[in-house]
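Chains A and B, in that order, are what the protein sequence lines are. So for the first sequence, the numbering used here puts the first residue at 63; every next one is plus one. So for the second sequence, the numbering used here puts the first residue at 63; every next one is plus one.
2 protein chains.
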Amino acid sequence: MQTGLPLNEACNLQVRKLEISDKSKGFVELLQQLTVCNTISDEDFQMRFQELSSLGDDHVICVIEDTSCGKIVATGSVFIEKKFLRNCSKVGHIEDVVVDRDSRGMRLGKRVLSFLTDHARSVGCYKVILDCSNENKAFYEKCGFKRKEIQMVKYFI
Amino acid sequence: MQTGLPLNEACNLQVRKLEISDKSKGFVELLQQLTVCNTISDEDFQMRFQELSSLGDDHVICVIEDTSCGKIVATGSVFIEKKFLRNCSKVGHIEDVVVDRDSRGMRLGKRVLSFLTDHARSVGCYKVILDCSNENKAFYEKCGFKRKEIQMVKYFI
Numbered sequence: 063m064q065t066g067l068p069l070n071e072a073c074n075l076q077v078r079k080l081e082i083s084d085k086s087k088g089f090v091e092l093l094q095q096l097t098v099c100n101t102i103s104d105e106d107f108q109m110r111f112q113e114l115s116s117l118g119d120d121h122v123i124c125v126i127e128d129t130s131c132g133k134i135v136a137t138g139s140v141f142i143e144k145k146f147l148r149n150c151s152k153v154g155h156i157e158d159v160v161v162d163r164d165s166r167g168m169r170l171g172k173r174v175l176s177f178l179t180d181h182a183r184s185v186g187c188y189k190v191i192l193d194c195s196n197e198n199k200a201f202y203e204k205c206g207f208k209r210k211e212i213q214m215v216k217y218f219i
Numbered sequence: 063m064q065t066g067l068p069l070n071e072a073c074n075l076q077v078r079k080l081e082i083s084d085k086s087k088g089f090v091e092l093l094q095q096l097t098v099c100n101t102i103s104d105e106d107f108q109m110r111f112q113e114l115s116s117l118g119d120d121h122v123i124c125v126i127e128d129t130s131c132g133k134i135v136a137t138g139s140v141f142i143e144k145k146f147l148r149n150c151s152k153v154g155h156i157e158d159v160v161v162d163r164d165s166r167g168m169r170l171g172k173r174v175l176s177f178l179t180d181h182a183r184s185v186g187c188y189k190v191i192l193d194c195s196n197e198n199k200a201f202y203e204k205c206g207f208k209r210k211e212i213q214m215v216k217y218f219i
């Protein structure tokens, strides 16, 4: 990396919404760094992509592409829950935030969080929430989040 | 309450999805027991109801009505998040579970949870999750949930 250049110029980083062509840019492989994610067929990928696209602003997936090599190096999603509570309010739920293991230390996670949080605010959410491990608590605190409740889970498989 | 009768017959409890007429049966007042929820105009209620109805199985609100007095005494919602992770999996998010303060101790909360959990399983979710306070942890454990992560929040207002 050249020194003296702003990070964006040096690394050619593009922060944007997921595009259908991102499957060939390592998007699924990136998710595999987060949890179990077998290979997805092109057909299944397209179907899920269309399902999510049809939700418009109510489900947004952010990616960061390193355009110098055409590789997706960070991602995260937010979906907008519509409630009756608090005068028909909305809440943003952030999910599946991951930064490529070779691209850490460049604040890409923070930029993904900013993108998702800004989106939630822009569509009228009064808060955004997410669940994380204790180990990642400090990272989210740096992004302006505070610890609130506990997450409970029930598995079917 | 008569004794010797099963709870359902004695109390005329009906477990079902939210209907638009439930606004006049105390649905909003019940939500007010959970958190801030000012009066909602009929127009706003109808608009939000239609928005959520258009999501079909992807957003379901369960209510329990005491048909002997036409009052909603418990509620909870679940929305279905569609992911790319885990081979294009789905996760159910349970929200806004509340039982009327005069109807507690009749396991209505557990019945709402069962309704929502069964729905999530039926549409193919591999798990359901929810966030709760430490005080409510024991209740959710009785419903088959286990503690997993921590919830982080960022407020906009």
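In this text, a Cβ means the ideal position worked out from N, Cα and C, and glycines have one as well.
Whose C-alpha, out of E211/A, I219/A, S195/A and V135/A, is nearest the C-alpha of K152/B? In the second sequence, counting from the first residue as 1, residue 152/B sits at position 90. The candidate whose alpha carbon is nearest that of K152/B is I219/A.
Determine the DSSP secondary structure at M138/B, reduced to helix, strand or coil. Working through the second sequence from its first residue, we reach residue 138/B at position 76. One detail in the question is off: residue 138/B reads as Gly in this sequence, not Met. Judged by DSSP in its simplified three-state form, G138/B adopts strand.
List, in chain order, every chain A residue whose beta-carbon is nearer than 8 Å to that of S195/B. Counting from one through the second sequence, the residue named residue 195/B turns up at place 133. The answer, in chain order, is E211 and I212.
Determine whether the Cβ of F177/A lies closer than 8 Å to any Cβ atom of chain B. Taking the first residue of the first sequence as 1, we reach residue 177/A at position 115. At a cut-off of 8 Å between C-beta atoms, F177/A does not count as an interface residue with respect to chain B.
Q76/B: first and last residue of the uninterrupted beta strand (DSSP E) it sits in: Indexing the second sequence from 1 puts residue 76/B at position 14. It spans L75 to K79 - the beta strand (DSSP E) in which Q76/B sits, taken as one unbroken run.
What's the gap between the Cα of K220/B and the Cα of V190/B? Missing from the structure shown is residue 220/B; chain B here goes from 63 to 219 and no further.
What are the complete beta strand (DSSP E) segments, minimum 3 residues, inside the region 96-168 of chain B? The beta strand (DSSP E) runs lying completely inside the region 96-168 of chain B and spanning 3 residues or more are 121-128, 133-144 and 152-161, given in chain order.
Pair within 8 Å by beta-carbon distance, D158/A and L192/B: Reading the first sequence from its first residue, position 96 is the one you call residue 158/A. Reading the second sequence from its first residue, position 130 is the one you call residue 192/B. In this structure, D158/A keeps its C-beta atom at 8 Å or more from the C-beta atom of L192/B.
Using a C-beta to C-beta distance shorter than 8 Å, which residues of chain A count as neighbours of H181/B? The residue given as residue 181/B occupies position 119 in the second sequence. Those within 8 Å of H181/B in chain A number zero; the least Cβ separation is about 12 Å.
Could you please give the first and the last residue of the uninterrupted beta strand (DSSP E) stretch that includes V174/B? Within the second sequence, residue 174/B is the residue found at index 112, counting from 1. Counting along the chain, no beta strand (DSSP E) covers V174/B; the unbroken alpha helix (DSSP H) around it starts and ends at L170 to S184.
Note down, in chain order, every chain C residue with its Cβ under 9 Å from the Cβ of K208/A. Checking the listed chains, one finds no chain C in this structure; the protein chains it contains are A and B.
Go ahead and label D128/B buried or exposed: buried means 16 or more other beta carbons lie within 10 angstroms of its beta carbon, across all protein chains shown. Taking the first residue of the second sequence as position 1, residue 128/B is located at position 66. With 16 or more Cβ atoms within 10 Å of its Cβ, D128/B is classed as buried.
When we look at the beta-carbon of A136/A and count the other beta-carbons within 10 Å, is it buried (16 or more) or exposed? Here the question's residue 136/A lines up with position 74 in the first sequence. Burial check for A136/A: the Cβ neighbour count within 10 Å reaches 16 or more, so the residue is buried.
Strictly below 7 Å CB to CB, what residues from chain B border L114/A? In the first sequence, counting from the first residue as 1, residue 114/A sits at position 52. Neighbours of L114/A on chain B, chain order: K144.
Member of G132/B, L170/B and T101/B whose CA lies at the smallest distance from the CA of E81/B: Working through the second sequence from its first residue, we reach residue 81/B at position 19. The option with the nearest alpha carbon to E81/B is G132/B.
Have a look at G88/B and N198/B and give me their C-alpha separation to the nearest angstrom. As a working note, residue 88/B is residue 26 in the second sequence. As a working note, residue 198/B is residue 136 in the second sequence. Going from the Cα of G88/B to the Cα of N198/B covers about 24 Å.
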